[in-house]
Amino acid sequence: MSKEMASKMIAEVFNEIADGIKSGSFGRKVKVGLTILGSEHGIEEMVKAAELARKKYDDFEVVLIGPKTSSTLETVEAATAEEGHKLMVQLLESGKIDGCVTQHFDFPIGVSTVGRVVTPGRGRDMIVATTTGTTSTNRVEGMVINAISGIAAAKAIGIENPKVGILNLDGARKVERILIELKEKGYAIEFADSLRADGGCVMRGNDLLAGTPDVMICDSLTGNLLIKIFSSFTTGGDYETVGAGYGPGIGENYDKLINIVSRASGATLISEALKFCATCAKNKVLNMAAEEFKKANAAGLKDIISKNTKDKIIENTEEVKMPPKKVVTSDIAGIDILELDNACRSLWKQGIYSESGMGCTGPIILVNPDDAEKARKVLKEAGFLS
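Its first residue numbered 1142, the sequence shown is counted upward by one per residue in my numbering.
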């Protein structure tokens, strides 16, 4: 071992000791709470999950929150799910637990959960950002912020430079443009490349199954659906078994580590959710998220989002005539479906005949090959292409 490496290791150990003394956690294992009321499979299933986690992992402790059971695990008694949530928050705020796994918790706007699945195609872990909650009422803004949260969660589980993919949904191309600009202005982000022949960071359904990216960006409703399908596709849907659940709630200034599972989640999944929560607690995922947002904001995140989420509208008061028709065999991809009509009109305004269409990778604009180069330039200048 080199002298430089040894010095680095010693410095890291002292930093960990200092952090432990400061937080009061030095000399003890991470403690993760588990609320045991509210499951569709009963209290016994929740206790089974906790016991399974204790048997499988020895680097954290589980604290049950709910009625007294036959388990020898530490228990904080609660009579109802609502009381369990109140006690959970109190335990987190007092530092008696470092994180908690629960069901059906209401996060504030701006906070949404980052899930973790095992993809069936290759058996890879994949972060899904996000899966519950509302990051923003604007879909594109929400997906961009989800990327920051997803990167933080991936780093918390040990992926130093996570590769990010954007699921091919409405708004995906806008999200791509924003993230590319954010990268150009200094925020470090590494994009995944689709396994399909045409590549690119906009992911297809095939990439979901294979787990092409480390972090898959989507909106929360889609992410929620994905988690349910990945976790219970072998059981018929009423019992979730695979993956680590819906994950920790992450927001720019959120300070409580709360991981979500479903009321349909089974013991094997919940035990992995407890491990996921413990890892996030140990590696301080919320501090990591705060640092990622700080870096993104320094690169102009908010201004870039604002600029790119304003609708590019050609005023209806201005008559835009369709140019004479031409044979259109050259396609231009990368335009968001919500902007397709306005993009076409912007070309008409410049005398370029175009038609909108749908290719196998998403929406496209069709132009004559002779007009393709000029059309791309017009669309870039108008902000429809990155």
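We put the CB at the ideal spot given by N, CA and C, even for glycine.
Taking every protein chain shown into account, the CB of Arg-1263 has fewer than 16 other CB atoms within 10 angstroms, so this residue is exposed.
Contact between the region 1185-1200 and the region 1260-1276 is absent: fewer than 3 CB-CB pairs across the two stretches fall below 8 Å. Scanning the region 1210-1276 from its first residue to its last, the whole alpha helix (DSSP H) runs of 4-plus residues come out as 1222-1235. Closest option to Lys-1369, judged by alpha-carbon separation, among Ile-1493, Val-1402 and Glu-1393: Val-1402. Under the DSSP definition of a beta bridge, Thr-1176 partners with Ile-1206. Looking only at Ser-1335, Ala-1516 and Val-1426, the smallest Cα-Cα distance to Leu-1350 is reached by Ser-1335. Going by C-alpha positions, Ile-1411 is about 19 Å away from Ser-1211.
Non-local beta-carbon contacts of Ala-1484 in its own chain, meaning distances under 7 Å to residues more than five positions away in sequence, involve Ile-1476, Ile-1506, Leu-1520 and Phe-1525 in chain order. Contact between Gly-1390 and Val-1252 holds, with the beta-carbon distance rounding to 5 Å and staying under 8 Å.
Taking each of Gly-1207, Gly-1283 and Glu-1393 in turn and checking the Cα distance to Lys-1227, the smallest one comes out for Gly-1207. With a cutoff of 7 Å on beta-carbon distance, Thr-1272 and Asn-1365 are scored as near each other. By the Cβ criterion, the region 1351-1364 is in contact with the region 1276-1288, since at least three pairs of Cβ atoms, one from each stretch, lie closer than 8 Å. Using a Cβ-Cβ distance cut-off of 8 Å, the region 1212-1222 and the region 1371-1383 are not in contact, since fewer than three pairs of beta carbons, one from each stretch, lie closer than that value. The criterion of a C-beta distance shorter than 7 Å is not satisfied by Ile-1319 and Ala-1294. In chain order, Trp-1489 place their CB closer than 6 Å to the CB of Met-1463, counting only its own chain and leaving out the 5 sequence neighbours on each side. Under DSSP, Asp-1472 takes part in a beta bridge, and its partners are Leu-1507. DSSP places Phe-1371 in the helix class (H, G or I) of the three-state scheme. In the DSSP assignment, Met-1463 falls outside any alpha helix (DSSP H), carrying neither H nor E. Under the DSSP definition of a beta bridge, Pro-1354 lacks any partner. Put simply, the region 1424-1437 touches the region 1382-1400. At least three CB pairs are less than 8 Å apart.
Linking Ser-1495 to Val-1508 through their CA atoms gives a straight-line distance of about 5 Å. When the alpha-carbon of Ala-1190 is set against those of Glu-1413, Gln-1491 and Phe-1332, the nearest one is in Glu-1413.
Beyond the five residues adjoining it in sequence on each side, Asp-1379 comes within less than 8 Å, by CB distance, of Glu-1181, Ser-1373 and Ala-1405 in the same chain, given in chain order. Shown here for Phe-1248: same chain residues with a beta carbon closer than 6 Å to its own, the five before and five after excluded, namely Gly-1274 and Gly-1390 in chain order. A direct Cα-to-Cα measurement between Gly-1236 and Val-1203 gives close to 14 Å. Arg-1280 is the residue among Cys-1418, Arg-1280 and Gly-1407 whose C-alpha sits nearest the C-alpha of Leu-1362. In the structure shown, Lys-1326 adopts coil according to DSSP, grouped into three states. Rounded to the nearest whole angstrom, the CA to CA distance from Asp-1482 to Ala-1270 is 29 Å.
Spanning the alpha carbons of Glu-1322 and Lys-1451 requires a straight line of approximately 16 Å. Considering only Ser-1527, Glu-1480, Pro-1510 and Cys-1418, the residue with the shortest C-alpha distance to Val-1255 is Cys-1418. In this model, Met-1344 and Ala-1516 are separated by some 25 Å (Cα to Cα). The C-beta separation of Cys-1342 from Ile-1307 comes to about 6 Å, placing the pair in contact by the 8 Å criterion. In this chain, the alpha helix (DSSP H) harbouring Lys-1435 covers 1426-1439.
For Thr-1260, the number of other beta carbons within 10 angstroms of its own is at least 16, and it is reported as buried. Put simply, of Ala-1313, Glu-1223 and Glu-1186 the residue whose alpha carbon is nearest the alpha carbon of Leu-1479 is Ala-1313. Per DSSP, Lys-1490 lies in no beta strand (DSSP E); the unbroken alpha helix (DSSP H) holding it starts and ends at 1481-1490.
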